[in-house]
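Engineer: Please find one structure pasted underneath; my questions will follow.
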Amino acid sequence: MSESAPGSPQEHPRRQVGVWEAISVCVGMVIGAGIFRSPSIVAANVGSDTEMLLAWAFGGAMSLVGALCFAEMAAAFPDPGGDYHFLTRAFGRRAGFLFAWSRFAVIHTGSMAMLAFVLGDYLAELVRLGPLGSPAMAALAIVVLAGLNLSGLRAGIGTQVGLMALVFAGLIAVGFAGVALAFQGAAPAMAAAGPSAGHLGTALVFVFLAYGGWSDAATLSAEMRDPRRGITRALLAGMAIVTALYLFANWAYVRGLGLAGVAASQAPAADLLRVAFGPAGETAIVVVVAITTITSMNAILIAGARTTYAAARDNGGLGALGEWQVARGTPGRAIVAIAAVALLLVGLGTWTRSGFSTMVDFLAPVYWLFLTLSGAAVIVLRRRHPGAPRPFRVPGYPWLPLAFMATSACMVYAAVAYVRIGTILGVAVLLSGLAVLAILERRTMKKP
């Protein structure tokens, strides 16, 4: 396998993505339904308001360190595969393929299907469609987003930019609900007995889960108008925006509901806006959550299709998925494949929703394992390709990459401790990936 994208020049993605568009994908990958649900779990596992905000600040800081690492690799080795490409260069084709397989088989497609169900559930509350209304709306959302992205890069990216503007407005509204309550001098509306402390590891698992996904912005590096500098700006600005919004939202949750109130709430954003603005605020947050889930689904489709395309491009047995539609600027068949698997999982989730959601959660150790390896890839690529142009270099090298690796490794441990026996599912996905790779290699060897 070659280290760069094979094929004739016209098969390569065109450079037509601006910095703000890449920021929209980065932020959209991160800000999903998690920020509306994770704070409750985090609040239940910390001992004070300050500890909660420090946990979110730490998560943002380490994610920003990770973004620094990815910015160096993406600027030096721009490719639609993003971290797939970095892992392949650093550790070989098997490591890269297993990463891409885990994303395609469950992580990207499963996350997209779960978000589709969240969207379907919220829309079903607004429009009563019967028992199958939620999965029907979930499937429709996937089909519509796939159609938009198949019609061309501009349609998919343009949709992302517009949706992100609405998400920004929604999260800022959540923050200002806390500001309004602070100026009113209102006591936390749901404060009661404090939550039990001492489970900071569990809290951080959900903090980092809410921050997850930022690395996928690197899949746009080869399509940036300025691939050497644009992706760096997008990653760093995107994570700075996310961290600021998350801190603002969580401060508002604690200010308006109290730590115990946040811990007891199933929907802290809805409860906060109800306290601040009445029933109208509670209804508004339903719309915000729906828009946020659509934004995340679209970002996953954009990034996931590019990872699948790159892996198929580099592995002959998957050639059909490795075709780039130059006229539209999209990996069309990879988009169809991602959407098809997500639809299949929606069908599965219609009958086993709780088990399906748990299945995706159980793959958290795999996610953190590959993120740890991506941090190590910065150091490996520096040594293997010392002469490669690096428009951006990680400051504080090698200490910041080592700190990111250490944090990610700790999260592997914390995730394993949280899912326990469920770790077997992650191992099974990796083993199935090895089996698929062996079949592809055998087919390639048989070709004359």
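The sequence shown maps to residues 1 to 448 in this note's numbering. Note that the Cβ used here is the ideal one computed from N, Cα and C, for glycine as well.
Can you check which of these residues, Arg37, Thr50, Glu223 and Gln184, is closest to phenylalanine 77 by C-alpha distance?
Structural biologist: Glu223
Engineer: Please tell me whether serine 221 and glycine 82 are closer than 8 angstroms, where the distance is taken between their beta carbons.
Structural biologist: yes
Engineer: Between which two residues does the alpha helix (DSSP H) carrying serine 40 extend?
Structural biologist: Serine 40 -> alpha helix (DSSP H) spans 34-43.
Engineer: If tyrosine 84 and alanine 311 are in contact, beta carbons under 8 angstroms, what's the gap, nearest whole angstrom?
Structural biologist: 6 angstroms
Engineer: Rounding to the nearest angstrom, what Cα-Cα distance links glutamine 266 and isoleucine 285 in this structure?
Structural biologist: 13 angstroms
Engineer: If the criterion is Cβ atoms closer than 8 angstroms, does the pair alanine 33 and threonine 350 meet it?
Structural biologist: no
Engineer: Can you give me the C-alpha to C-alpha distance between proline 365 and glycine 110, rounded to a whole angstrom?
Structural biologist: Going by the C-alpha atoms only, they are around 15 angstroms apart.
Engineer: What distance in whole Å lies between the Cβ atoms of methionine 411 and phenylalanine 208, which are believed to be in contact at a cut-off of 8 angstroms?
Structural biologist: Confirmed, Cβ separation roughly 6 angstroms.
Engineer: Do you know how far the Cα of glutamine 16 is from the Cα of arginine 154?
Structural biologist: 9 angstroms
Engineer: Exposed or buried, what is glutamine 184 when buried is set at 16 or more other beta-carbons lying within 10 Å of its beta-carbon?
Structural biologist: exposed
Engineer: Note down the Cα distance separating leucine 437 from arginine 94, rounded to an integer number of angstroms.
Structural biologist: 8 angstroms
Engineer: State the CB to CB distance for the pair leucine 430 and serine 102, rounded to an integer number of angstroms; the pair is presumed to be in contact (CB under 8 angstroms).
Structural biologist: Indeed they touch by this definition, with Cβ atoms about 7 angstroms apart.
Engineer: Could you tell me if serine 151 is buried or exposed, where buried requires 16 or more neighbouring beta carbons within 10 angstroms of its beta carbon?
Structural biologist: exposed
Engineer: CA-CA distance, methionine 29 and alanine 74?
Structural biologist: Those two C-alpha atoms are separated by around 17 angstroms.
Engineer: Is the beta carbon of leucine 272 closer than 8 angstroms to that of alanine 146?
Structural biologist: no
Engineer: Return the CA-CA distance between aspartate 79 and glycine 213, expressed in angstroms with no decimal places.
Structural biologist: Cα to Cα, the separation comes out at about 17 angstroms.
Engineer: For valine 288, which residues of its own chain have a beta-carbon under 6 angstroms away from its beta-carbon, when the five flanking residues on both sides are left out?
Structural biologist: Gly170
Engineer: Which residue or residues does DSSP assign as beta-bridge partners of glutamine 325?
Structural biologist: Thr330
Engineer: What did DSSP end up calling valine 394 once you bin it into helix, strand or coil?
Structural biologist: Secondary structure of valine 394 (DSSP, three-state): coil.
Engineer: Just checking my contact of alanine 116 with alanine 269 at CB under 8 angstroms: how many whole Å lie between their CB atoms?
Structural biologist: Incorrect: roughly 20 angstroms between the Cβ atoms, too far for contact.
Engineer: Within the continuous alpha helix (DSSP H) that includes glutamate 21, where are the two ends?
Structural biologist: 19-30
Engineer: Pick out whichever of Ser24, Ile41, Pro13 and Ala22 has its Cα sitting closest to the Cα of leucine 259.
Structural biologist: Minimum Cα distance to leucine 259 is reached at Ile41.
Engineer: Taking the straight line between their C-alpha atoms, what separation do you get for alanine 138 and leucine 345?
Structural biologist: Cα to Cα, alanine 138 sits roughly 11 angstroms from leucine 345.
Engineer: Can you tell me which of Asn149, Ile107, Arg128 and Gly158 puts its alpha carbon nearest to the alpha carbon of serine 24?
Structural biologist: Ranking Asn149, Ile107, Arg128 and Gly158 by Cα distance to serine 24 puts Gly158 first.
Engineer: In its own chain, which residues sit with a C-beta less than 8 angstroms from the C-beta of valine 127, not counting the 5 before and 5 after it?
Structural biologist: Gly133
Engineer: Could you say which of Ala417, Pro386 and Arg313 lies nearest to phenylalanine 362 if we only look at CA atoms?
Structural biologist: Ala417
Engineer: When you compare only the Cα positions, how much space is there between alanine 177 and proline 39?
Structural biologist: Rounded to the nearest angstrom, the gap between the Cα atoms of alanine 177 and proline 39 is 16 angstroms.
Engineer: According to DSSP, what are the bridge partners of methionine 224?
Structural biologist: Residue pairing by DSSP places methionine 224 opposite Val17 in a beta bridge.
Engineer: So glycine 317 packs on arginine 443, CB below 8 angstroms; how close in whole Å?
Structural biologist: 5 angstroms
Engineer: Among Ala388, Gly66 and Leu247, whose alpha-carbon lies nearest the alpha-carbon of leucine 373?
Structural biologist: Gly66
Engineer: What residue from Gly387, Trp399 and Trp56 has the CA that sits closest to glycine 375's CA?
Structural biologist: Considering only alpha carbons, the answer is Trp399.
Engineer: Tell me which residues share the same chain as threonine 232 and place their Cβ nearer than 6 angstroms to its Cβ, disregarding the 5 neighbours each side in the sequence.
Structural biologist: Cβ within range, chain order: Ala71, Ala75 and Phe392.
Engineer: Closest to leucine 348 by C-alpha separation, out of Glu282, Phe99 and Ala113, would be which residue?
Structural biologist: Ala113
Engineer: Taking 6 angstroms as the limit between beta carbons, can you name the residues of its chain near alanine 180, skipping five residues before and five after?
Structural biologist: Ala276
Engineer: Please return the same chain residues whose Cβ sits closer than 7 angstroms to the Cβ of threonine 307, not counting the five positions on each side in sequence.
Structural biologist: Gly81, Gly82, Tyr84, Ala100, Arg103 and Thr219
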